[in-house]
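Some notes on the structure that comes next.
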Amino acid sequence: MKILVTGGQGKIGRYLVQELVSASHQVTVLDQIPGPERGAVKYLIGDIQDLGQVMEAMHGADAVIHLAAIHNPNIATTRLVYETNVIGTFNVHHAAFRLGVKRVVSASSNAIVGWSYSEDFMPDYLPIDENHPLRPVDVYGLSKEIGETIARSYALKGLVTVSLRPSGVVTPDELEEMSKSGGRKPSGFQAYSYVDARDLAVAFGLAVKRPLRGGTIMFAVADDSTIAEPLCDFYPRVKPAIGDKARALTGSAGVYSNTRAKELLGWQPVHSWRK
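207 is the number that the numbering used here gives to position 204 of the sequence shown; each next residue is one higher, with no gaps.
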C-alpha cells in the first residue's frame, strides 16, 4: 500500500514510519523537517496549510495518516495552533477526497474531552469512552474537535476516515525514565494517561488497513495510568466529588477506555512503565 504520512518526522511519526516500512508499505513523508536523502522512505518538505503542496504529496497514495499539527497550546500563539491544526486537517481530507484516496487516519487527542489542560474538569463518568461529551477548553482541544467534525463530514462523502485519540505520548527513553522513578509524581487533578509511541504506531498501522466505517473514532491509550497509586484511591482524595465515579477504575486502570480500539483494530498496547 502507498501511504502518505504528514508529520512523519515528529515524535509519533518516526516510529510510525518504521512500523509501516516493516509491513512492506511504500511510505512518503510530508513534513517541514527534512529527512534522509536516501532510503526506503520518500521525504518531501511542505506545509499542510498549503492545499497545493498537500495534493502534490498525496498524488498516487492509497491512504493517508495525518499526524502533522502543533501538539501543545503553550508553544505557539492561539491563532497559529488553530490555523495549523484546522486548516491542515481540512486540506488533508479535501485533497484525499478530490484525488480519490480511499482512507485518511488522523491523530486526534484526548484533549478533545477537556481534561488535559483543566483541573476544573468534571468527567460525567469513568472510564471515559468515545460517547463522553466533548468540552475542550483550550485551542488545541478545540482544533481536534473541529478536526473530527471535518473527518465526519468527508465520511458522509464516502471517504473512510478514522480518528485516533492518543494521550501523553512517550518515547522508549521517556518510558524507561518513568520505570526507573516508579511512575510520574502526581500533581493535582490530572488525567495521568499515556501511550508508548511504539504501541501508537502499531495502532495507526492497523487503522490504515482494518475494515472500518467512515467517521470511526477511538482512544488509543495504555491500559494503565502514569502514577503508582490506583486512581480509584487517588482521585477521591484529590477531588472527593468524583469519588463514586473513580471506583470504576480498578487496579492500575487509566481514565480513558481503549476497549473500542482493541475490538475494532485487534490492538493491544504492550509497553508499560510498570514492566
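We put the CB at the ideal spot given by N, CA and C, even for glycine.
Pairwise C-alpha distance: residue j and residue i
{"i": "Arg201", "j": "Arg17", "result": "9 Å"}
{"i": "Ser109", "j": "Thr164", "result": "8 Å"}
{"i": "Gln29", "j": "Ile6", "result": "6 Å"}
{"i": "Asn94", "j": "Lys14", "result": "22 Å"}
{"i": "Asp123", "j": "Asp141", "result": "13 Å"}
{"i": "Gly191", "j": "Ser121", "result": "10 Å"}
{"i": "Val258", "j": "Ile131", "result": "6 Å"}
{"i": "Glu148", "j": "Lys212", "result": "24 Å"}
{"i": "Tyr238", "j": "Ala194", "result": "10 Å"}
{"i": "Thr174", "j": "Asn261", "result": "19 Å"}
{"i": "Ala72", "j": "Arg138", "result": "20 Å"}
Whether residue i touches residue j by CB criterion (7 Å)
{"i": "Ala251", "j": "Leu129", "result": "yes"}
{"i": "Ser166", "j": "Ile230", "result": "no"}
{"i": "Val198", "j": "Ala225", "result": "yes"}
{"i": "Trp276", "j": "Ser196", "result": "no"}
For residue i, the residue or residues it bridges with in DSSP
{"i": "Ser166", "result": "Ser109 and Ile220"}
{"i": "His69", "result": "Thr9 and Ser109"}
{"i": "Asp227", "result": "Ala256"}
Best match in the options for proximity to residue i [C-alpha to C-alpha]
{"i": "Gly10", "options": "Tyr259, Asp236, Ala60 and Ser25", "result": "Ala60"}
{"i": "Tyr157", "options": "Tyr195, Leu209, Phe207 and Gly217", "result": "Gly217"}
{"i": "Glu180", "options": "Tyr46, Val8, Gly42 and Lys278", "result": "Lys278"}
{"i": "Gly91", "options": "Leu70, Leu23, Thr81 and Leu102", "result": "Leu70"}
{"i": "Gln35", "options": "Val173, Ser27 and Tyr46", "result": "Tyr46"}
{"i": "His274", "options": "Leu203, Asp127 and Ser184", "result": "Leu203"}
{"i": "His96", "options": "Ser112, Gln52, Pro139 and Arg168", "result": "Gln52"}
Whole-Å CB distance - residue i paired with residue j, under 8 Å assumed
{"i": "Gly117", "j": "Gly144", "result": "6 Å"}
{"i": "Asn88", "j": "Gly150", "result": "6 Å"}
{"i": "Leu162", "j": "Val107", "result": "6 Å"}
{"i": "Leu267", "j": "Ala206", "result": "Between Ala206 and Leu267 the Cβ distance is about 10 Å, and since that is not below 8 Å, they are no contact."}
{"i": "Ala99", "j": "Val67", "result": "6 Å"}
Residue i at chain D interface by Cβ criterion, 7 Å
{"i": "Ala210", "result": "In the structure shown, chain D cannot be found, because there is only a single protein chain."}
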